[in-house]
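Right, one structure below, let's go through it.
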Amino acid sequence: MIESYKKFLKGFHKDDGIPFNCPECEKNTLCLDQDSWFQKERVSSILEREHIDVFEAEWVKYSYTGTFKCLNPKCGEIVITSGSGSVIEEYTDYCLDKDGYPAPCESEYRDIFFPKYFYPTLNFFNIPEKTPKDIRIAITDAFSLTPNSPSAAANKIRVAVEILATEFGIPSKKADGGFITLDQRIRSIKDQENELYEHKDLMLAIKYIGNAGSHEEDNVSFDELFDSFQIIEDLLKRIYQEKSMINEMVRVITSSKAPMSREQRKSIRTNR
1 MIESYKKFLK GFHKDDGIPF NCPECEKNTL CLDQDSWFQK ERVSSILERE
51 HIDVFEAEWV KYSYTGTFKC LNPKCGEIVI TSGSGSVIEE YTDYCLDKDG
101 YPAPCESEYR DIFFPKYFYP TLNFFNIPEK TPKDIRIAIT DAFSLTPNSP
151 SAAANKIRVA VEILATEFGI PSKKADGGFI TLDQRIRSIK DQENELYEHK
201 DLMLAIKYIG NAGSHEEDNV SFDELFDSFQ IIEDLLKRIY QEKSMINEMV
251 RVITSSKAPM SREQRKSIRT NR
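Just so we're aligned: 244 in full-length UniProt numbering is position 244 of the sequence shown, and the numbers increase by one with no gaps anywhere.
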């Protein structure tokens, strides 16, 4: 799914499928509502075309807005999207050249669109249910920023790691009140009893990508941002993993050497 997300964000056609899950029912049931679609050539593009004798189709610039609709009959959520657009030449057929190598011989011009905004925010991975609220908010902010600014989104994932370190008691300030860098905080985890100890490399990897997002001269790509998403998703799953209900049932039954009581069964469901 990650590759399909990135491909869509890098540019999509109106007849492409929507790879994202509905933000409400979390099912893969989003579809472009063709009736809601509106695109218009930008004024700068029109003026340029009027004042240049030779104008290439690829120079056309659009703005667009539209909605994705959830086709789940029990949901029906609407996601608003807007962004920019252009025209690209796509090769539709290849022929052999004089040396016997394939070469493009037929092409067509197609509109392509680049999403800059989704509302409600689309999730690019599922955040474990037991993830603390502040970390969840930082990640959701990253999702919101993703289409328009991968660099800012990567920095938000870095912030989530800062919050995670605080959750596990890693100091953020020195005795004199000065701030401790995230790099120093991560490397200071020496106690193997601290649950973050075995995940330090994952945290450092996220930090390095986030650092690039903080520097104006370093633009984080979608590929790099989604590396960060995959790493923090794995990190959170390791730390806030859901208990297996079956394993817990087996533990209770074998400990008591008897079938579970109603109270025990309720407790397991509550603590998952």
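Each residue gets a CB set at the ideal place from its N, CA and C atoms; glycine is no exception.
Keep in mind the model is a prediction, meaning the values are calculated, not measured.
*Whose C-beta lies closer than 7 Å to the C-beta of Ile-127 among residues of the same chain, with five residues either side of it excluded?*
Arg-136, Ile-139 and Leu-236
_Alpha-carbon to alpha-carbon, Pro-102 and residue 283_ = Any property of residue 283 remains undetermined from this structure, which presents the chain solely from 1 to 272.
_Span separating the alpha-carbon of Phe-38 from that of Ser-188_ = So the two alpha carbons sit approximately 53 Å from each other.
_Arg-110 in three-state terms, based on DSSP_ = Three-state result, Arg-110: strand.
*Cβ neighbours of Ile-80 in the same chain (closer than 6 Å, five flanking residues each side left out)*: Thr-67 and Tyr-119
_Alpha carbons only, please: which of Lys-130, Ser-256, Ile-88 and Lys-6 is nearest the one belonging to Glu-56?_
Ile-88
*Does DSSP classify Lys-40 as helix, strand or coil?*
Under the three-state reduction of DSSP, Lys-40 is assigned to strand.
*Interface flag, Glu-129 vs chain B, CB-CB below 7 Å*: Protein chain content of the structure displayed is limited to a single chain, and chain B is not contained in it.
*List the residues that DSSP assigns as beta-bridge partners of Pro-67.*
Note that residue 67 is Thr in the sequence shown here, rather than Pro. In DSSP, Thr-67 forms a bridge with Ile-80.
*Spatial neighbours of Thr-92 within its chain, please: CB distance less than 8 Å, with the 5 preceding and 5 following residues excluded, ordered by chain position.*
Hits under 8 Å: Glu-106, Ser-107 and Glu-108.
*Is the region 138 to 158 touching the region 202 to 217, taking contact as three or more C-beta pairs under 8 Å?*
The region 138 to 158 is in contact with the region 202 to 217.
_Within 7 Å, strictly: CB atoms of Ile-180 and Ser-172_ = yes
*Going along the chain, which residues of its own chain have a beta-carbon closer than 8 Å to the beta-carbon of Lys-200, five neighbours each way excluded?*
Ile-186, Arg-187 and Ile-189
*asked:* Are the CB atoms of Tyr-5 and Phe-124 within a distance shorter than 7 Å?
replied: yes
*Answer yes or no: do Leu-71 and Thr-29 have a C-beta to C-beta separation smaller than 7 Å?*
yes
*Can you tell me the Cα-Cα spacing of Lys-27 and Pro-259, whole angstroms?*
36 Å
*So Ser-45 packs on Tyr-64, CB below 8 Å; how close in whole Å?*
The pair is not a contact, with the Cβ atoms about 13 Å apart (cut-off 8 Å).
*Where does Phe-20 fall in DSSP's three states?*
coil
_Sequence-distant residues of the same chain with beta carbon closer than 8 Å to Glu-195, five excluded per side_ = Phe-168 and Ile-239
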